[in-house]
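Undergrad: Let me give you the structure first, and then I'll get to my questions.
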Amino acid sequence: MVAQPLDVVSPVGGAMLTDEPWLAARIADLSASWRTDSMRVGATLWWCMTASALVEQVVGALAQERPIPAPTLDRLALTLRADGTVERIEIDDAGTGEPGGAPDVAEPTMGRDAGTAEIDIAAALRETLTTVIDRLAAVSGVREAALWAVVTDVVASWAVDAGRPIIGRRLADAIGAVLPEPRFVEVAGRTFVRRASCCLVYEAPGREKCVSCPKRRPEERAALLADYARRG
7 MVAQPLDVVS PVGGAMLTDE PWLAARIADL SASWRTDSMR VGATLWWCMT ASALVEQVVG
67 ALAQERPIPA PTLDRLALTL RADGTVERIE IDDAGTGEPG GAPDVAEPTM GRDAGTAEID
127 IAAALRETLT TVIDRLAAVS GVREAALWAV VTDVVASWAV DAGRPIIGRR LADAIGAVLP
187 EPRFVEVAGR TFVRRASCCL VYEAPGREKC VSCPKRRPEE RAALLADYAR RG
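Following the working numbering, the numbering of the sequence shown begins with 7 at its first residue and continues without gaps.
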């Protein structure tokens, strides 16, 4: 996936992810920064970064078996960059859209009944993603299936980073059939995500395909991943 530029700006509430004019403006900001006039490219790049930030906290909590509030839209606080991309998303306990609120005692946590809580978290994440993807597809014209594939890959990527790929599979299964099954590949003793999505960064001026890009020839991708694994 593509790296993000700097210049972090103030947080906004998660409800903005359902505001179509706001989404269009953020995609326009990113497109200007990446010098692309393609809505498809700009929206896909923006979603890759946003989806990654959205699932990071959830995958991390599941991997570490620690409590986390349900990731409903009213609980999300987005930290944006000047180019319109999402740097980070915090999940607020109190549902105010501001990090650090008071805990909601009615919210199930990941204690002894971790399985039930995990199902609740996955259900909330599915609802949030479904709502945002519906609005983003309407604004950008990008197919919903392509946007869900991005979610699969960022879930899998954070699970690999946490050293627990199984968490990616488990979360995807709990979210449901709308999410493609995460895939992994072992190369030179390391686990990588076998991606279902393409961030389209190579369609922006002066950019190239990612090392793990699914649009590379399989043998080329395997060689690049092996080289990356050796150097890493």
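Backbone N, C-alpha and C fix where the C-beta goes; we use that ideal spot for every residue, glycine too.
Strictly by DSSP, which residues pair up with Gly19?
TA: In DSSP, Gly19 forms a bridge with Ala83.
Undergrad: Quick one: residues in its chain with C-beta nearer than 6 Å to the C-beta of Met1, no 5 flanking neighbours on either side, listed in chain order?
TA: Lying before the first or after the last residue shown, residue 1 is absent from the chain, which here runs from 7 to 238.
Undergrad: Whole angstroms is fine: what's the gap from Arg223's alpha carbon to Cys205's?
TA: Between Arg223 and Cys205, the C-alpha separation is close to 16 Å.
Undergrad: Consult DSSP for Val191 and reduce its assignment to one of helix, strand or coil.
TA: Val191 falls in the strand class under three-state DSSP.
Undergrad: Report yes if the C-beta distance between Glu150 and Val47 is below 7 Å; otherwise report no.
TA: Cβ atoms of Glu150 and Val47: not closer than 7 Å.
Undergrad: Please list, in chain order, all residues of the same chain as Ala235 whose beta carbon is under 6 Å from its beta carbon, the five residues on each side excluded.
TA: Only Val193, Ala194, Arg196 meet the Cβ criterion.
Undergrad: Mind checking which residues open and close the beta strand (DSSP E) that includes Val148?
TA: First-last for Val148: undefined, no H or E at that position.
Undergrad: Comparing C-alpha positions only, which one of Asp43, Leu36, Thr91, Thr42 sits nearest to Ser16?
TA: The candidate whose alpha carbon is nearest that of Ser16 is Thr91.
Undergrad: So, Ala130 versus Ala76, is the Cβ gap smaller than 7 Å?
TA: Against a cut-off of 7 Å, the Cβ pair of Ala76 and Ala130 comes out as a contact.
Undergrad: Taking the continuous alpha helix (DSSP H) assigned at Thr244, which residues delimit it?
TA: Past the boundaries of the shown model lies residue 244; the chain is included only from 7 to 238, so the question cannot be answered.
Undergrad: Using a Cβ-Cβ cut-off of 8 Å (strictly less than) and excluding sequence neighbours within five positions of Val65, which residues of its own chain qualify?
TA: Once the five neighbours on either side are set aside, the close Cβ partners of Val65 are Val161, Trp164, Ala165, Ala168, Ile173, Gly174, Leu177.
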